[in-house]
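Visitor:
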Amino acid sequence: MVWNVVLGFVLLVVASYVGTTMALRGFFGREYYDPNTGEFVAPSADGEDETADPDD
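Counting from -15, one number per residue, gives the positions in the sequence shown under the numbering used here.
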């Protein structure tokens, strides 16, 4: 009985986290924090990282 409540609560927290993350990314876009520059960066249209190593 207790394990059912604990498992249900854990599933509720995980589902809330995933749903909130998906909703916020859909609303605000997929920007991320770049620790090298300290700025928020949107991914480029072609899907490649703009800060890629120039030796590649």
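Glycine is no exception: its CB is placed at the ideal position from the N, C-alpha and C atoms. Computed from a prediction, not measured in an experiment: that's the story for all the values here.
(1) Ordered along the chain, which non-local residues of its own chain (more than five positions away) have a Cβ less than 8 angstroms from that of D24?
(2) Nearest-angstrom Cα distance between F12 and P27?
(3) Give the DSSP bridge partners of E23, in chain order.
(4) With DSSP run on the structure shown, which of helix, strand or coil describes M6?
Guide: For this structure:
(1) According to the sequence shown, residue 24 is Phe rather than Asp. Within the same chain, F24 has close Cβ partners E15, Y16, Y17, D18.
(2) 13 angstroms
(3) D18
(4) helix
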